[in-house]
Structure formats: C-alpha cells, structure tokens
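**Q** As numbered in our numbering, residues 10 to 343 make up the sequence shown, in order. The beta-carbon is built from N, C-alpha and C at its ideal position, and this holds for glycine as well. Note that this is a predicted model, so its numbers are computed, not measured.
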Amino acid sequence: MIRLDFQPWGESLAELTDAARRAEDAGAGVLWAPELHRSAPVTAAALAAATTRVGVGTGIALAFARSPMLTALSALDLDELSGGRFRLGLGTGVRRLIGDWHGMPFDPPVARLRDTVAIIRAVVAGAYTGEPIEHHGEASINVRGWRRPYPPVRERIPVYLAAMGPAMTALAGEIGDGWLSHELCPPDHLAETILPMLRKGSARSGNSPEVVVSACCSVDADAAVARDRARGVVGFYASVQTYADLFAEYAEQHAAIVAARREGRAAEALAEFVPAPMAAAYTLSGTRDDVAAGIARYEGLADAVKLSPPTHGLAPAQIRAAQNAIIDLIRELA
C-alpha cells in the first residue's frame, strides 16, 4: 500500500497543529510543512512538538534563502525536537523569488543546490566532532575551531529535493534521499517524464531516492463540488511559466489563463478558466471512490502521495471542509 502523507493547513498554528494531530491519529505517514506564507522550519517545529509518531518534513524549505550552515543547524534542531522523525525537504524556488524577495544569489541553481546539500550533510555529520568543515563551490563553507556541544540524534538526516526540469531532477536522483513533486503531478507525467530523469541521475551514483508525489486533494460526496474547489489551484499553476509544458493537453485554457494573468487578474482568481475535466486531470478530486482510484494509479510509481487541501481562491470554511475530508480519507485508506 502506498504511504499517504499530509500537508496540514490552518488559519492559525493552533488550527494547523490540530489538523496534524488528527492526521497522525488517522495514519498519515509524514507531515510536510511548505514555505510561502509561513516559515517551513518554524512550522515543522510546531508539527514535531504536536505529534509523537508521524514523520515531519519541510516540503519544501527554500535552499538558497538561508545559509547552508543555518539550514543544517535547523535540521539538527528539528531532528532533536522530533526524536529522529525529521526529513529536510529543499527546493530552489525560482530566480525572481530568490532574487527579488530574498535578495540572495540563484544562479547556477543546479550546481548551487549540489553544493548546498554537500555542506548541509558535512555540517550534520561533523558538528559534534569539532573537526574542520570545508567545502568550496557555488556555495562554500570554511569552519574551524567550532563544535556544536549537543550530540545529534542521527549523523545523517534525510534530504529530499523538489525538482521539475531535467538537470535538477537528475540531481535529485543522484544525491537526494527523496524527490518531492509540486502539487500537480499526474501519474502519466510522473511515469513518462519525471521517473526517467530521476533514473538518469540514479545511474550515476547507484542512489535510489524515495519518490513522493504531491497532490491537491478535494473529496466530496458531490464530485462537482470537489472539483470546483480544486479549480483555483490548477489555475494558479497554469499561470506560472515554469509549469507551461504540463498543460499541453489544455492549450486553449492555458493560453486564456496566461492572458488573464498578464492583464492583471490575481493569481488567486483564475478558477473560472479551469473546466471541471481539467481540474480532474491534474488533481485528486471527486468522490471518495474517485480519489481512492486516483491514488491507486500511483502504485508502482511512487512511494508516497502527499495530500493537501486546495486553498487558492477559497474561503477558510471551504478549505476546512476539504482538509477534514482528506483526514477522513487517510483514516479509511492508510
């Protein structure tokens, strides 16, 4: 049976951690904390403190927005707080986000991420020994005369990489303990596009990363209601140039979404351009049986499916309804 992971939502951290506890009780495998409106490490700390058994991960933390050493120290703290349940999920973000929002260097992203992961692993492995920590590249470190005086829970913390393009996905296959997708990754896209790129990287090193597919999930007894909730998420991703190739089968709708965005339409207000079949094609949405069948299509392709409620363009009550239905589904299927 494929593992069912969960990305909890909440208007407050109290609501978010309540959802996390309920998901743990329902049998979720790993709880993932994204980074956009909240800090991923802080959210992961809240998840770790609120639970006792379920895995906890950043899904994802921005790899270039913090120094690699600070990311490593946060990972060590989170692994200690969770009792060895932590997984460090990292992603590059996009050039404009990293440069304009965070004022940090982005290029060259593949080499920079490779060096960032190498430094994080060196700090995690060597922080307690007091040995010099040194790495030179697009990201560099040179630490001498420093020792973290707290024994680590583990000498190696799993690192998961979010990736889409050929070079970055191959890197995840080569050096990652796991690979994470964005929220829209249909089984055919995973099988035909992503897995070959992962295998290309794995062939270089003999590595075999865990494959975690992320899926926007909306469940309702009325399939139309469920898919209507999911339309905004699809509209948002279709408006981002990075994901353009994913929407080849819906070229007309994709063009309309891009045009609306260029004309000033808010990213949260694109649902009207997404017909129900398009929402169904890119999300796990519909009745309980529809969604269960959609999850089953990932068997043999992915190790886990990370379920998250739709949020784009929805009122909090709608998001809560979607989230509660996911937790109920996990209880039935896990």
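(1) Using 8 Å for Cβ pairs, my map puts Leu87 next to Ala53. What's the rounded Cβ distance?
(2) Look at the Cβ atom of Ala288, then the Cβ atom of Val243, and state whether they are nearer than 8 Å.
(3) Out of Val221, Ala84 and Ile339, which one is the CA nearest neighbour of Ala136?
(4) Is Gly64 helix, strand or coil by DSSP?
(5) What is the DSSP secondary structure of Gly185, reduced to helix, strand or coil?
(6) So, Pro17 versus Leu45, is the Cβ gap smaller than 8 Å?
(7) Out of Arg31, Arg105 and Pro161, which has the shortest C-alpha to C-alpha gap to Thr61?
(8) Less than 8 Å between the beta carbons of Pro169 and Trp188, yes or no?
(9) Starting from Tyr169, follow the beta strand (DSSP E) in both directions and report where the run begins and ends.
(10) Just how far apart, CA to CA, sit Glu272 and Ala257?
(11) Who are the Cβ neighbours of Arg157 in its own chain at under 8 Å, not counting the five residues just before and after it?
(12) So does the segment 227 to 236 actually touch the segment 68 to 76, counting three or more Cβ pairs closer than 8 Å?
(13) May I ask you to list the residues that DSSP assigns as paired with Val126?
(14) Starting from the C-beta of Leu25, find all residues in its chain whose C-beta is less than 6 Å away, skip the five residues before and the five after it, and write them out in chain order.
(15) Please say whether Ala280 and Arg236 have beta carbons closer to each other than 8 Å?
(16) Does the segment 94 to 112 touch the segment 141 to 151, meaning 3 or more C-beta pairs lie closer than 8 Å?
(17) Closest by CA to Pro50, which one among Gly108, Leu99 and Thr251?
(18) Considering Val283, what are the terminal residues of the beta strand (DSSP E) in which it resides?
(19) Going straight from the alpha carbon of Val65 to that of Gly92, what length do you get?
**A** Judging by the given coordinates:
(1) Start at 1 with the first residue of the sequence shown, and residue 87 comes out as number 78. Start at 1 with the first residue of the sequence shown, and residue 53 comes out as number 44. Yes, Leu87 and Ala53 are in contact; Cβ-Cβ is about 5 Å, under 8 Å.
(2) Here residue 288 is taken as the residue at index 279 of the sequence shown, counted from 1. Here residue 243 is taken as the residue at index 234 of the sequence shown, counted from 1. In this structure, Val243 lies closer than 8 Å to Ala288 by Cβ.
(3) Numbered from its first residue, the sequence shown carries residue 136 at position 127. In terms of CA proximity to Ala136, Ala84 leads the group Val221, Ala84 and Ile339.
(4) Stepping through the sequence shown from its first residue, residue 64 is reached at position 55. When secondary structure is reduced to three states using DSSP, Gly64 falls in the strand class.
(5) Translated into the one-based positions of the sequence shown, residue 185 becomes position 176. The answer is coil: DSSP assigns Gly185 none of H, G, I, E or B.
(6) Walking along the sequence shown from the start, residue 17 turns up at place 8. Walking along the sequence shown from the start, residue 45 turns up at place 36. 8 Å or more divides the Cβ of Pro17 from the Cβ of Leu45.
(7) What you label residue 61 is simply residue 52 of the sequence shown in a count that begins at 1. Among Arg31, Arg105 and Pro161, the Cα nearest to that of Thr61 is on Arg31.
(8) Stepping through the sequence shown from its first residue, residue 169 is reached at position 160. Stepping through the sequence shown from its first residue, residue 188 is reached at position 179. The question names Pro, but residue 169 is Tyr in the sequence shown. Yes, the Cβ-Cβ distance between Tyr169 and Trp188 is below 8 Å.
(9) By 1-based counting over the sequence shown, the position of residue 169 is 160. In the DSSP assignment, Tyr169 falls within the beta strand (DSSP E) that extends over Val168 to Ala171.
(10) Looking up residue 272 in the sequence shown gives position 263. Looking up residue 257 in the sequence shown gives position 248. Using only the alpha carbons, I get a separation of about 22 Å.
(11) Indexing the sequence shown from 1 puts residue 157 at position 148. Taken in chain order, the residues that qualify are Leu82, Leu85, Ala136 and Tyr137.
(12) The segment 227 to 236 is not in contact with the segment 68 to 76.
(13) If you number the sequence shown from 1, residue 126 lands on position 117. Per the DSSP secondary-structure output, Val126 pairs with nothing in a beta bridge.
(14) Residue 25 sits at position 16 when you count from the first residue of the sequence shown. Closer than 6 Å at the Cβ level, and outside the excluded window around Leu25, lie Pro17 and Gly19.
(15) Within the sequence shown, residue 236 is the residue found at index 227, counting from 1. Within the sequence shown, residue 280 is the residue found at index 271, counting from 1. With contacts defined as CB atoms closer than 8 Å, Arg236 and Ala280 fail to qualify as a contacting pair.
(16) Not touching, per the Cβ criterion.
(17) Position 41 of the sequence shown, counting from 1, holds the residue named residue 50. Nearest C-alpha to Pro50: Leu99.
(18) In the sequence shown, counting from the first residue as 1, residue 283 sits at position 274. Val283 -> no beta strand (DSSP E), and no H or E assigned at all.
(19) Within the sequence shown, numbered from 1, the residue matching residue 65 stands at position 56. Within the sequence shown, numbered from 1, the residue matching residue 92 stands at position 83. Distance between the alpha carbons of Val65 and Gly92: 10 Å.
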